[in-house]
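Numbering (our numbering), first residue to last: 7 to 615.
What follows is a set of notes on a single structure, which appears directly below.
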């Protein structure tokens with residue numbers, strides 16, 4: 007019991023500091039906003055809460071279990087190491103001795119690996135989230151505004167027939183138009199198709215390429231391929247159902263249309279751009295009525311009286327509501343259809359004056375036929391036109407970079423007009439910027455905690471060497487997953503840095519304990535013995551974390567694993583590099599630069615495996 011109590015006291019502060027460091031490392035997740043914050047903050051919260059629970063168990067339940075179970079354990083009564091641990095140490099010892107002697111070469115190799123990882127990370131692609139594999143496609147089709155329901159339905163049936171030719175397609179459901187009061191109202195010229203898919207021998211990429219090729223033969227129709235969740239994420243990010251949106255702002259609609267056509271032409275030649283679409287704009291006929299206030303006043307009328315007559319004439323004047331059960335209907339006053347004037351002779355509509363006379367509308371207003379845009383898109387107070395596209399075969403960040411270059415080279419904006427880029431890459435840039443900025447502050451916080459724990463800034467820096475060592479393997483993991491750095495990969499790096507820092511604490515704290523508490527005065531012997539004794543606990547920590555991530559890493563490519571798989575691969579590869587390099591680089595550099603010879607200092611003790 008006394009041994010368990012002494013051991014618990016020895017490791018208590020180290021466990022607390024290690025837990026605090028992991029919490030600090032995870033802090034960037036809680037500063038994310040938007041879609042990425044909603045997706046990843048619950049993950050960070052669950053991890054921090056479970057970590058707190060494990061801390062509570064480690065300092066309360068575990069010592070009690072040790073006092074009951076360890077006294078009769080074979081490993082304690084026989085006082086000998088397991089064969090596997092002895093075998094590991096026998097192979098590790100000569101390698102460690104060579105590392106301690108050749109610390110300069112080892113440091114140079116680690117530096118070269120770090121530089122290589124940094125260069126490789128710079129060449130990695132950029133994306134917001136990995137592409138989801140939902141097992142369903144959502145296809146949006148848009149024809150020219152003003153297309154009749156019958157014509158739009160006929161074109162939709164052609165799309166359905168093309169889809170059903172492919173063996174991957176199980177069923178197709180289509181919606182043409184949406185009600186005016188719908189949150190995403192659209193005219194009958196627009197349709198949405200939900201396509202259920204099955205797995206076949208053909209790859210998903212080949213299927214989508216063939217599908218786009220078949221659909222491209224349909225004239226006069228913009229077609230965008232996506233997935234239900236992906237479409238909604240894109241819509242929340244940029245207001246369009248595509249991963250990249252180029253927004254043109256300016257005062258004149260005709261000029262916006264001209265610029266939109268130029269932008270579309272410039273984007274068409276960029277590799278990786280698919281589903282390129284420009285907002286369909288069309289001028290539709292309407293009747294313009296300008297009230298003559300002087301003439302209205304001469305007849306003893308008000309503008310409201312004439313406007314109400316105009317509403318009744320056109321069938322838009324609501325006088326009341328009718329309730330039938332749970333349904334509510336508007337009661338509209340309108341003229342007899344047989345006597346209702348058409349738009350061509352709307353000026354013949356009669357307005358009743360207070361004296362009982364009937365005056366034609368053209369005597370009270372200027373009534374003429376005209377044409378105008380069917381809709382005017384705005385963002386804020388500015389008029390807007392959007393050119394959108396999806397990305398295939400490349401990462402979003404690279405495609406957007408090429409799109410920007412092509413537009414800057416081929417499109418000249420007049421004064422008063424501007425271009426804004428939106429979509430997934432914009433959120434990826436924002437999330438990356440937040441994680442990097444808050445992560446830098448978190449690293450400073452980790453250093454302060456380590457300096458407080460060790461009482462030595464040099465020891466704190468040496469422990470933090472595990473961060474760049476982990477980066478080497480993490481970057482390799484990014485390239486194993488396709489070479490695209492997404493928000494999921496960044497979360498993997500955050501988790502990895504927390505685990506790697508904990509491993510560094512385990513090693514350095516035990517070396518300090520040997521030097522200051524057990525009287526090992528020779529720095530070389532303290533470092534060598536500390537590394538040998540911490541080999542098994544550090545490997546156990548890495549294996550416990552790694553084995554738990556193996557199922558997630560192996561599930562890559564399956565629906566539902568799009569975020570977890572890249573994160574797990576980054577952590578696994580980073581754990582491998584940080585664990586291996588931690589057992590050689592940190593002891594070698596600590597032997598050369600550590601603060602072992604400055605007398606007894608406060609130590610955080612040992613971190614349990």
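For every residue, glycine included, the Cβ atom is placed at its ideal position computed from N, Cα and C.
Which whole-angstrom value describes the C-beta separation of residue 424 and residue 255, a residue pair presumed to lie in contact below a C-beta threshold of 8 Å? Counting from one through the chain shown, the residue named residue 424 turns up at place 418. Counting from one through the chain shown, the residue named residue 255 turns up at place 249. Confirmed, Cβ separation roughly 5 Å.
Backbone CA spacing between residue 296 and residue 307 [nearest angstrom]: On the chain shown, residue 296 is found 290 positions in, with the first residue counted as 1. On the chain shown, residue 307 is found 301 positions in, with the first residue counted as 1. Each residue's alpha carbon lies about 15 Å from the other.
Span of the alpha helix (DSSP H) holding residue 416? Taking the chain shown and counting its residues from 1, one reaches residue 416 at position 410. That run of the alpha helix (DSSP H) goes 402-416.
Just checking, does the stretch 364-374 make contact with the stretch 219-227 on the three C-beta pairs under 8 Å criterion? no
Three-way DSSP call (helix, strand, coil) for residue 423 in this model: Counted from its first residue, the chain shown places residue 423 at position 417. Of the three classes helix, strand and coil, the one that applies to residue 423 here is coil, per DSSP.
How about residue 409 and residue 397: do their beta carbons lie closer than 7 Å? For the purposes of this step, residue 409 is identified with residue 403 of the chain shown, where counting begins at 1. For the purposes of this step, residue 397 is identified with residue 391 of the chain shown, where counting begins at 1. Not in contact: residue 409 and residue 397 (Cβ atoms no closer than 7 Å).
Residue 276 in three-state terms, based on DSSP: Mapped onto the chain shown, residue 276 falls at position 270. Of the three classes helix, strand and coil, the one that applies to residue 276 here is coil, per DSSP.
Between residue 380 and residue 309, what straight-line distance do the alpha-carbon atoms span, to the nearest angstrom? Sequence index remark: in the chain shown, residue 380 carries index 374 (1-based). Sequence index remark: in the chain shown, residue 309 carries index 303 (1-based). Their backbone Cα atoms lie some 26 Å apart in a straight line.
Taking the alpha carbon of residue 53 as the reference point, which residue from 76, 505 and 140 has its own alpha carbon closest? Taking the chain shown and counting its residues from 1, one reaches residue 53 at position 47. It is 505 whose Cα lies nearest to the Cα of residue 53.
Note down, one range per segment and in chain order, each alpha helix (DSSP H) of at least 4 residues found wholly within the stretch 430-463. 430-460
Within a Cβ cutoff of 6 Å, which residues of the same chain sit near residue 421, ignoring the five residues on either side of it in sequence? As a first step, residue 421 is located in the chain shown; it is residue number 415 there, counting from the start. Excluding sequence neighbours, residue 421 sits near nothing in its chain.
Residue 537 vs residue 521 beta-carbon contact at 7 Å: Numbered from 1 along the chain shown, position 531 holds the residue referred to as residue 537. Numbered from 1 along the chain shown, position 515 holds the residue referred to as residue 521. No, they are not a contact pair.
Identity of the residue in 278, 178 and 180 nearest residue 215 by Cα: Looking up residue 215 in the chain shown gives position 209. Out of 278, 178 and 180, 278 has the C-alpha closest to the C-alpha of residue 215.
Buried or exposed for residue 612, going by 16 or more other Cβ atoms inside 10 Å? Within the chain shown, numbered from 1, the residue matching residue 612 stands at position 606. Its pLDDT being 43, under 50, residue 612 is placed unreliably in this model, and the value from its coordinates should be taken loosely. With 16 or more other Cβ atoms within 10 Å, it is buried.
Compare the Cα-Cα distances from residue 285 to each of 169, 252 and 107 and report the closest residue. Reading the chain shown from its first residue, position 279 is the one you call residue 285. Ranking the options by Cα distance to residue 285, first place goes to 252.
If you measure between the beta carbons of residue 281 and residue 230, is that distance less than 7 Å? The residue given as residue 281 occupies position 275 in the chain shown. The residue given as residue 230 occupies position 224 in the chain shown. Taking 7 Å as the Cβ cut-off, residue 281 and residue 230 qualify as a contacting pair.
Going along the chain, which unbroken runs of the alpha helix (DSSP H) with 4 or more residues stay wholly within the stretch 290-315? 299-304
Give me the Cβ distance between residue 14 and residue 69, rounded to the nearest whole Å; I'm assuming they're in contact under 8 Å. As a first step, residue 14 is located in the chain shown; it is residue number 8 there, counting from the start. As a first step, residue 69 is located in the chain shown; it is residue number 63 there, counting from the start. Right, their Cβ atoms sit about 5 Å apart.
Tell me whether residue 431 is buried or exposed, calling it buried when 16 or more other Cβ atoms sit within 10 Å of its Cβ. In the chain shown, the residue the question calls residue 431 occupies position 425. Label assigned to residue 431: buried.
By a C-beta neighbour count over all protein chains shown, 10 Å radius and 16 as the cutoff for buried, is residue 574 buried or exposed? Position 568 of the chain shown, counted from the start, is the residue given in the question as residue 574. Buried, because 16 or more other Cβ atoms sit within 10 Å of the Cβ of residue 574.
Mapping the DSSP letters down to three states, classify residue 287 as helix, strand or coil. Working through the chain shown from its first residue, we reach residue 287 at position 281. In the structure shown, residue 287 sits in coil (DSSP, three-state: anything other than H, G, I, E or B).
The alpha helix (DSSP H) with residue 159 in it runs from where to where? Here residue 159 refers to the residue found at position 153 of the chain shown. Counting along the chain, the alpha helix (DSSP H) containing residue 159 begins and ends at 155-170.
Going by C-alpha distance, which of 509, 473, 485 and 510 is nearest residue 499? The sequence position of residue 499 within the chain shown is 493, counting from 1. Taking only the C-alpha atoms, the option nearest residue 499 is 473.
Just mark residue 104 as buried or exposed, buried being the case when its beta carbon has 16 or more other beta carbons within 10 Å. Indexing the chain shown from 1 puts residue 104 at position 98. Exposed is the call here.
Apply the 10 Å Cβ neighbour rule to residue 594 and answer buried if 16 or more other Cβ atoms are within range, or exposed otherwise. Within the chain shown, the letter at position 588 stands for residue 594. Burial call: buried.
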